[in-house]
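Numbering (my numbering), first residue to last: 228 to 489.
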C-alpha cells in the first residue's frame with residue numbers, strides 16, 4: 228500500500244473528529260509527502276543500524292550504537308517537524324505558534340460584510356406561481372441523478388462532515404411523501420455514487436455531470452412515472468471548490484489581478 232495513503236487512512240478519523248475535512252487531510256498529506264518519506268527513510272535506516280549492531284559491534288558497545296541510532300532518528304524527526312511548521316504549514320499553524328496573534332474587530336466586521344454580500348449574490352429566489360405547498364398530492368416523481376447522489380458540500384474549505392446529512396429522497400419521505408422507487412432505482416443502477424479520484428487529481432473531486440442520457444428514459448419508465456403521479460421534483464447538483472471549478476479565463480483573470488485564494 229502507498230505509504231501516504233496508509234497514513235491518510237490512519238489519521239483521517241483523528242482529524243475529522245477535530246473538525247478537519249477528509250479532503251484537507253488527504254491534500255496536506257500529499258503536499259508533505261517528501262517530508263513524510265524522509266521520516267520513514269530515517270526510521271528504516273535506524274532499524275538497519277540497530278540490527279547490524281548485533282552482528283558488527285562488540286557485545287559491550289551494542290547498546291551505545293542502538294541508543295545513538297534512536298536518538299539520531301528522534302533528532303531527524305524534530306528537525307523535519309520544524310521544517311514543516313515553519314515551511315509549508317506555517318500559514319496554518321502560525322496563529323497557534325504566535326500567542327499574540329488576534330483578529331481585530333474591524334477584520335471580523337469586514338468578513339461578515341463580504342459573507343453577506345456573497346450570500347445575497349449567490350442565492351436565487353423563485354416565485355411560487357401555484358405549485359407550492361404540495362397539499363393535493365402524496366406521491367412524487369423525483370427526477371435527476373443528484374437525487375440519489377446528492378452533494379452536501381464542496382472541496383477544500385467548502386468541505387464538511389457529511390456523515391449525518393440527509394438526502395432529498397429521505398427528506399421527502401420523512402415529510403410524508405411517497406417517491407417513485409422505480410425511477411430512483413433507474414438512477415441507482417445507472418451509477419451508484421460519485422467517484423473520488425485517486426490522489427493527485429484536481430481537488431480529489433468528481434467534476435463530471437453524469438446525468439443519464441435520453442435512452443434511459445424509456446417509454447415504459449415514463450408511463451410508469453405518469454401513472455404514479457402527475458407531480459415531479461427535479462434535482463440538479465454540481466460540485467464546487469477553492470478556485471478549481473472556475474472557467475480557465477476567470478482563473479487567469481484572477482491571477483492577473485493578483486488576487487489570492489482566501
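Note that beta-carbon positions come from the ideal geometry of N, C-alpha and C, so glycine has one too.
For residue 242, the enclosing alpha helix (DSSP H) begins and ends at 230 to 243. A Cβ-Cβ contact shorter than 9 Å links residue 414 with residue 371. At the C-beta level, residue 394 and residue 374 come within 9 Å of one another. When the beta-carbon positions are compared, residue 411 and residue 351 stay at least 9 Å from each other. In terms of Cα proximity to residue 296, the closest of 342, 275, 360 and 465 is 275. For residue 368, the enclosing beta strand (DSSP E) begins and ends at 366 to 370.
Per DSSP, the continuous beta strand (DSSP E) segment holding residue 459 begins and ends at 459 to 461. Closest option to residue 418, judged by alpha-carbon separation, among 279, 440, 250 and 398: 440. Counting along the chain, residue 342 sits inside the alpha helix (DSSP H) bounded by residues 332 to 349.
For residue 335 and residue 343, the gap between their C-alpha atoms comes out near 12 Å. Under the 8 Å Cβ criterion, the segment 258 to 265 does not count as touching the segment 284 to 302, having fewer than three qualifying pairs.
Close CB contacts of residue 239 within its chain, under the 6 Å cut and outside five residues either way in sequence, are with 249 and 252 (chain order). Closest by C-alpha distance to residue 310, out of 259, 357, 345 and 291, is 259.
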